[in-house]
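A.B. asks:
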Amino acid sequence: MTTEIKVPKLPESVADATIVKWHKKAGDAVARDENLADLETDKVVLEVPAPVAGVLKEIKVQAGATVVSDQLLAIVEAGPAVAVAAPTAGAAKEAAPAPKATTAPASTPATSVKSAPSARRAATESGVDIAAVAGSGLGGAVTKSDVLARAAGGGSRVERRVPMTRLRARVAERLVSAQATQALLTTFNEVDLLAVQELRTRYKDKFEKNNGVKLGFSSFFVKAVVEALKRFPIVNAAVDGSDIVYREFYDIGMAVSTDRGLVVPVLRDADTQNFAQVEKAVGDFATRARNGSLTMEDLTGGTFSITNGGVFGSLLSTPIVNAPQSAILGMHKIQERPVVVGGQIVIRPMMYLALTYDHRIIDGKEAVQFLVTVKECLEDPGRLLIGV
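Have a look at this one:
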């Protein structure tokens, strides 16, 4: 009995997907629920599990192709998951006589490598294995200079061309669109994180013991942002045609960098979550983003975003708004710097903050006051508890 393997139902916002990789080939045994292929959409990678055990009889669409919901991908012959056996040596002998063995001259370079005649001649003369030389010529062809550089013990000038992943292409499209359609402007401030650091040091052990998660910086910034959004609701709004849509809920996007590109999972109703819940959610997002298990629901929506270039050492940057949102907060590296406090020069753990916003609806005054509110909440965390 045969079973058809089809593309899973894609969300309405996703038109198609690309087959990234087949984990099985025709003739391979498959187990029930075993992942047969990976499909990449604009946001996440989806798995295609086998609904039955058996043998993968036929692959209808090859890796690299674009597919849509319910499109036929492959056919599985249901039954015991036993691989198709290769013919025995005896059977192969009966089928056809073995050809006589021939030995290629040792000085002849591999002809399967795309290379110029001069490169092959140089490889023969210098004793270089041309198959091990990375080509810098057109289309990756090995040139004479590549061979001579290898023979001299030097590296070759390598140029590779690879297609963007769907996620990278989608990120690029959204960033260009945001800059083309929004009037983006960035305002800066700096925050003294001494109070936050002291609070974390004082309660980190008890916090982790009670909640099973470490007390990081993310929860402080999320709670400070929510407080600032409540005071300046225009920063939480969005443009829809000629209307301004005010959102009276706080879904905070938390940017996460992965090998495939940047994703922004959304922390829903951040105003209702306590510090421990925020820390657990952010940690879970990071883990699932890097192992590719985020869902479309995780990445949909959001009213405001936070990105942290500081984890990579960035001291200052101008983040781009995650449209259709209207603003994004950039966190940066915590660095000890001399500052003046009460007329005295002291060393404090300082961080630059950057707020990029859509100037079409957010005025400079509101943007600056929003950022000052975030700063005040972080420099005096008690404000977050009593709402002042």
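The sequence shown begins at 3 in the numbering used here and counts up one residue at a time.
Think of the CB as a built atom: it goes at the ideal place given N, C-alpha and C, for glycine as much as any other residue.
Suppose you measure from the CA of Lys11 to the CA of Lys282; what does that come to, to the nearest Å?
C.D. replies: The sequence position of residue 11 within the sequence shown is 9, counting from 1. The sequence position of residue 282 within the sequence shown is 280, counting from 1. Taking the straight line from one Cα to the other gives about 30 Å.
A.B. asks: From the DSSP output, in three-state form, read off Tyr354 for me.
C.D. replies: Indexing the sequence shown from 1 puts residue 354 at position 352. Strand.
A.B. asks: Need the endpoints of the alpha helix (DSSP H) that Asn213 sits in, please.
C.D. replies: The residue you call residue 213 lines up with position 211 of the sequence shown. Asn213 -> alpha helix (DSSP H) spans 196 to 213.
A.B. asks: Between which two residues does the beta strand (DSSP E) carrying Arg339 extend?
C.D. replies: What you label residue 339 is simply residue 337 of the sequence shown in a count that begins at 1. Arg339 -> beta strand (DSSP E) spans 337 to 343.
A.B. asks: Taking 7 Å as the limit between beta carbons, can you name the residues of its chain near Ile246, skipping five residues before and five after?
C.D. replies: The count along the sequence shown starts at 1 and reaches residue 246 at position 244. Excluding positions up to five away in sequence, the list reads Ala239, Ile363.
A.B. asks: Between the C-alpha atoms of Ile330 and Leu301, what's the straight-line distance to the nearest angstrom?
C.D. replies: Position 328 of the sequence shown, counted from the first residue, corresponds to residue 330. Position 299 of the sequence shown, counted from the first residue, corresponds to residue 301. When rounded, the distance between both Cα atoms is 16 Å.
A.B. asks: What's the C-alpha gap between Thr391 and Gln346?
C.D. replies: Outside the modelled stretch of the chain, which goes from 3 to 390, sits residue 391, for which no answer is possible.
A.B. asks: Can you name, in chain order, every residue of its own chain whose Cβ lies under 8 Å from the Cβ of Ala226, other than the five neighbours on each side?
C.D. replies: Position 224 of the sequence shown, counting from 1, holds the residue named residue 226. Closer than 8 Å at Cβ, skipping near neighbours: Thr375, Val376, Cys379, Leu380, Leu386.
A.B. asks: Who are Glu42's beta bridge partners in DSSP?
C.D. replies: Sequence index remark: in the sequence shown, residue 42 carries index 40 (1-based). Partner(s): Thr20, Val47.
A.B. asks: Over what stretch of residues does the alpha helix (DSSP H) that includes Leu380 continue unbroken?
C.D. replies: Position 378 of the sequence shown, counted from the first residue, corresponds to residue 380. Unbroken alpha helix (DSSP H) run through Leu380: 366 to 381.
A.B. asks: Exposed or buried, Ser295, counting other C-beta atoms within 10 Å across all chains shown (16 or more means buried)?
C.D. replies: Numbered from its first residue, the sequence shown carries residue 295 at position 293. Under this definition Ser295 is an exposed residue.
A.B. asks: Tell me the DSSP secondary structure of Lys102 in three-state form.
C.D. replies: Here residue 102 is taken as the residue at index 100 of the sequence shown, counted from 1. Confidence at Lys102 is low in this model, with a pLDDT of 44, below 50, so the placement of that residue should be treated as unreliable; the coordinate-derived value is given next. In this structure, Lys102 counts as coil in the three-state DSSP scheme.
A.B. asks: Fully enclosed by the segment 215 to 290, which alpha helix (DSSP H) runs are 4 residues long or longer?
C.D. replies: For the segment 215 to 290, whole alpha helix (DSSP H) runs of length 4 or above, ordered along the chain, are 220 to 233.
A.B. asks: Do Ser138 and Val241 count as a contact pair if the criterion is CB distance below 8 Å?
C.D. replies: Translated into the one-based positions of the sequence shown, residue 241 becomes position 239. Translated into the one-based positions of the sequence shown, residue 138 becomes position 136. No, they are not a contact pair.
A.B. asks: Is the segment 307 to 322 in contact with the segment 246 to 258, if contact means three or more CB pairs nearer than 8 Å?
C.D. replies: Touching, yes, given that three or more Cβ pairs across the two stretches are closer than 8 Å.
A.B. asks: CB Thr189 to CB Val370, shorter than 8 Å?
C.D. replies: If you number the sequence shown from 1, residue 189 lands on position 187. If you number the sequence shown from 1, residue 370 lands on position 368. Their beta carbons are under 8 Å apart, which means Thr189 touches Val370 by this criterion.
A.B. asks: For Val69, write down the residues that DSSP places opposite it in a beta bridge.
C.D. replies: Residue 69 sits at position 67 when you count from the first residue of the sequence shown. Looking at the DSSP assignment, Val69 forms a beta bridge with Ala19.
A.B. asks: If you count every other CB in all the chains shown that lies within 10 Å of the CB of Gly214, and 16 or more means buried, which is it?
C.D. replies: Looking up residue 214 in the sequence shown gives position 212. By the 10 Å Cβ count, Gly214 comes out exposed.
A.B. asks: DSSP state of Ser128, grouped into three classes?
C.D. replies: Position 126 of the sequence shown, counting from 1, holds the residue named residue 128. Helix, per DSSP.
A.B. asks: In the DSSP output, what is Asp300 paired with across the bridge?
C.D. replies: For the purposes of this step, residue 300 is taken as the residue at position 298 of the sequence shown. In DSSP, Asp300 forms no bridge with anything.
A.B. asks: Taking 8 Å as the threshold (C-beta atoms), are Val63 and Ala19 in contact?
C.D. replies: To locate residue 19, count along the sequence shown from 1; it is residue 17. To locate residue 63, count along the sequence shown from 1; it is residue 61. Not closer than 8 Å, so no.
A.B. asks: Check the C-beta distance from Ile7 over to Ala28 and give it rounded, since I have them as a contact under 8 Å.
C.D. replies: Taking the first residue of the sequence shown as position 1, residue 7 is located at position 5. Taking the first residue of the sequence shown as position 1, residue 28 is located at position 26. Actually they do not touch by this definition, with Cβ atoms about 12 Å apart.
A.B. asks: Since I believe Ala124 is in contact with Val164 (beta carbons under 8 Å), could you give me their beta-carbon distance rounded to a whole number of angstroms?
C.D. replies: As a working mapping, residue 164 is identified with position 162 in the sequence shown. As a working mapping, residue 124 is identified with position 122 in the sequence shown. Their Cβ separation, rounded to whole angstroms, is 28 Å, which puts Val164 and Ala124 out of contact at 8 Å.
A.B. asks: So Pro383 and Phe222 are in contact, right, with Cβ under 8 Å, and what is the actual spacing, rounded?
C.D. replies: Here residue 383 refers to the residue found at position 381 of the sequence shown. Here residue 222 refers to the residue found at position 220 of the sequence shown. About 7 Å; that satisfies the 8 Å criterion.
A.B. asks: In the DSSP output, what is Glu329 paired with across the bridge?
C.D. replies: Looking up residue 329 in the sequence shown gives position 327. This sequence places Ala at residue 329; Glu is not what is there. Partner(s): Tyr359.
A.B. asks: Return yes when at least one heavy atom of the ligand COA lies under 7 Å from the C-beta of Gln279, else no.
C.D. replies: The model on display carries no ligand, and the ligand COA is accordingly not part of it.
A.B. asks: Below 8 Å on the Cβ atoms is my guess for Leu186 versus Asp360; work out the distance and round it to an integer in Å.
C.D. replies: Translated into the one-based positions of the sequence shown, residue 186 becomes position 184. Translated into the one-based positions of the sequence shown, residue 360 becomes position 358. Leu186 to Asp360, Cβ: 7 Å. Contact.
A.B. asks: Quick one: what does DSSP say Glu192 is sitting in, helix, strand or coil?
C.D. replies: Counting from 1 along the sequence shown, the entry for residue 192 is found at position 190. Of the three classes helix, strand and coil, the one that applies to Glu192 here is strand, per DSSP.
A.B. asks: Excluding the 5 residues preceding and the 5 following Arg262 in the sequence, name in chain order all residues of the same chain whose CB lies nearer than 6 Å to its CB.
C.D. replies: As a first step, residue 262 must be located in the sequence shown, where it is residue number 260. So the list reads Thr167, Leu169, once near-sequence residues are dropped.
A.B. asks: Could you check if Ile400 is buried or exposed, using at least 16 other CB atoms within 10 Å of its CB as the buried criterion?
C.D. replies: Since the first residue shown for the chain is 3 and the last is 390, residue 400 is missing from the structure and cannot be characterised.
A.B. asks: Should Ala132 go down as buried or exposed, given a rule of 16 or more other Cβ atoms within 10 Å for buried?
C.D. replies: For this step, residue 132 is matched to residue 130 along the sequence shown. It is worth fixing the name first, because residue 132 is Ile in this sequence and not Ala. So Ile132 counts as buried.
A.B. asks: Run through DSSP, which three-state label would Ile143 get?
C.D. replies: Position 141 of the sequence shown, counted from the start, is the residue given in the question as residue 143. Checking the displayed sequence, the identity of residue 143 turns out to be Ala instead of Ile. It is coil, neither helix nor strand.
A.B. asks: Going by beta-carbon coordinates alone, are Lys26 and Leu74 separated by less than 8 Å?
C.D. replies: Locating residue 26 in the sequence shown gives position 24, counting from the first residue. Locating residue 74 in the sequence shown gives position 72, counting from the first residue. No.
A.B. asks: Rounded to the nearest angstrom, what separates Ala108 and Ala134 at their Cα positions?
C.D. replies: Position 106 of the sequence shown, counted from the first residue, corresponds to residue 108. Position 132 of the sequence shown, counted from the first residue, corresponds to residue 134. Model confidence at Ala108 stands at a pLDDT of 41, short of 50, so the residue's coordinates are unreliable and nothing is read from them.
A.B. asks: Nearest to Val178 by CA position, among Glu338, Asn324, Val9, Pro340, is which residue?
C.D. replies: Locating residue 178 in the sequence shown gives position 176, counting from the first residue. The shortest C-alpha separation from Val178 is found at Asn324.
A.B. asks: Going by the CB atoms, is the gap between Lys208 and Lys216 shorter than 8 Å?
C.D. replies: Numbered from 1 along the sequence shown, position 214 holds the residue referred to as residue 216. Numbered from 1 along the sequence shown, position 206 holds the residue referred to as residue 208. The answer is no: Cβ separation not under 8 Å.
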